[in-house]
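**Student:**
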Amino acid sequence: MALPTKAGQRSGRRAKPNPRAGILTPHPRLPEIWRAGMARILVVDDSVVVRRMLGLVLERAGHDVSFAVDGEEGLRATASIAPDLLITDLEMPELDGIGLVRALRADPALAAIPVVLLTASGDEAHHRAAGEVQVEGFATKPIRSTEVVDLVASLLRGR
Numbered sequence: 024m025a026l027p028t029k030a031g032q033r034s035g036r037r038a039k040p041n042p043r044a045g046i047l048t049p050h051p052r053l054p055e056i057w058r059a060g061m062a063r064i065l066v067v068d069d070s071v072v073v074r075r076m077l078g079l080v081l082e083r084a085g086h087d088v089s090f091a092v093d094g095e096e097g098l099r100a101t102a103s104i105a106p107d108l109l110i111t112d113l114e115m116p117e118l119d120g121i122g123l124v125r126a127l128r129a130d131p132a133l134a135a136i137p138v139v140l141l142t143a144s145g146d147e148a149h150h151r152a153a154g155e156v157q158v159e160g161f162a163t164k165p166i167r168s169t170e171v172v173d174l175v176a177s178l179l180r181g182r
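Taking my numbering, the leading residue of the sequence shown gets 24, the next gets one more, and so forth.
1. Along the chain, which unbroken stretches of the alpha helix (DSSP H) at least 4 residues long are found entirely within the segment 110-146?
2. Does DSSP classify residue 92 as helix, strand or coil?
3. Which word fits residue 72, buried or exposed, when buried means at least 16 other C-beta atoms lie within 10 angstroms of its C-beta?
4. Secondary structure at residue 72, three-state DSSP: helix, strand or coil?
5. Cβ atoms of residue 66 and residue 123: under 9 Å apart, would you say?
6. How big is the Cα-Cα spacing for residue 162 and residue 142?
7. Taking C-beta to C-beta, are residue 139 and residue 109 nearer than 9 Å?
8. Closest to residue 61 by C-alpha separation, out of 83, 119, 75, would be which residue?
9. Looking only at DSSP bridge pairs, what is residue 162 linked to?
10. Mapping the DSSP letters down to three states, classify residue 53 as helix, strand or coil.
11. Is the CB-CB distance between residue 158 and residue 80 below 9 Å?
12. I need the straight-line Cα distance from residue 167 to residue 129, nearest angstrom please.
13. Name the two residues that bound the continuous alpha helix (DSSP H) containing residue 156.
14. Based on DSSP bridge pairs, tell me the residues matched to residue 65.
15. Could you give the distance in angstroms between the alpha-carbon of residue 179 and the alpha-carbon of residue 169?
16. In three-state DSSP terms, what is residue 167?
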């Protein structure tokens with residue numbers, strides 16, 4: 024009978040090779056989008072704090088994130104990078120989120136991009152406005168990082 028060895032000591036026996044060594048497998052509880060791969064996401068918000076928070080969360084989830092500070096810049100960036108998903112604030116200077124979504128929906132090349140509309144106010148008028156432009160997602164700020172990841176995963180699942 025062999026005596027147990029202490030950690031770091033050799034027992035004199037060779038370990039059996041592990042055929043799965045070096046193979047990375049995702050944890051089964053990771054959101055599906057993390058296993059599906061990276062998406063290009065454009066975040067349009069005039070708040071640097073919101074842009075940083077969303078960027079950090081989405082980049083940690085494995086996505087490629089670009090930013091714009093208002094609707095005008097967001098429209099140009101959307102045409103340039105063709106994101107898989109656009110997350111925009113409702114209230115911004117120059118061109119607000121509703122105007123941005125209307126411009127996207129009017130352009131056949133950009134109309135199919137899913138949009139999440141964020142607002143600091145969850146009042147009924149904002150909900151109606153989001154419904155009128157037919158956005159795929161709507162959330163009230165502040166939004167928790169887990170909500171961001173879940174919302175993005177649900178919208179990108181079928182792409």
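Cβ atoms here follow ideal geometry from the backbone N, Cα and C, with glycine treated the same way. Since this is a predicted model, take the numbers as computed values, not measurements.
**Tutor:** Here's the rundown:
1. 120-129
2. For the purposes of this step, residue 92 is taken as the residue at position 69 of the sequence shown. Correct three-state label for residue 92: coil.
3. Your numbering for residue 72 matches position 49 in the sequence shown. Under this definition residue 72 is an exposed residue.
4. The count along the sequence shown starts at 1 and reaches residue 72 at position 49. DSSP places residue 72 in helix when its eight states are reduced to three.
5. Locating residue 123 in the sequence shown gives position 100, where the first residue counts as 1. Locating residue 66 in the sequence shown gives position 43, where the first residue counts as 1. Contact flag unset, no.
6. Stepping through the sequence shown from its first residue, residue 162 is reached at position 139. Stepping through the sequence shown from its first residue, residue 142 is reached at position 119. Their Cα atoms are separated by approximately 7 Å.
7. Taking the first residue of the sequence shown as position 1, residue 139 is located at position 116. Taking the first residue of the sequence shown as position 1, residue 109 is located at position 86. Against a cut-off of 9 Å, the Cβ pair of residue 109 and residue 139 comes out as a contact.
8. The residue you call residue 61 lines up with position 38 of the sequence shown. Residue 83 is the option with its Cα nearest to residue 61.
9. On the sequence shown, position 139 is the one that residue 162 refers to. BP columns for residue 162 point to 141.
10. As a working mapping, residue 53 is identified with position 30 in the sequence shown. Confidence in residue 53 is poor, its pLDDT being 48 and thus under 50, which makes the residue's placement too unreliable to answer from.
11. Taking the first residue of the sequence shown as position 1, residue 158 is located at position 135. Taking the first residue of the sequence shown as position 1, residue 80 is located at position 57. Contact: no.
12. Indexing the sequence shown from 1 puts residue 167 at position 144. Indexing the sequence shown from 1 puts residue 129 at position 106. In a straight line, the C-alpha of residue 167 is about 31 Å away from that of residue 129.
13. Numbered from its first residue, the sequence shown carries residue 156 at position 133. Per DSSP, residue 156 belongs to no alpha helix (DSSP H) and is neither H nor E.
14. Indexing the sequence shown from 1 puts residue 65 at position 42. In DSSP, residue 65 forms a bridge with 89, 109.
15. The count along the sequence shown starts at 1 and reaches residue 179 at position 156. The count along the sequence shown starts at 1 and reaches residue 169 at position 146. Rounded to whole angstroms, residue 179 to residue 169 spans 15 Å at the Cα level.
16. Start at 1 with the first residue of the sequence shown, and residue 167 comes out as number 144. In this structure, residue 167 counts as coil in the three-state DSSP scheme.
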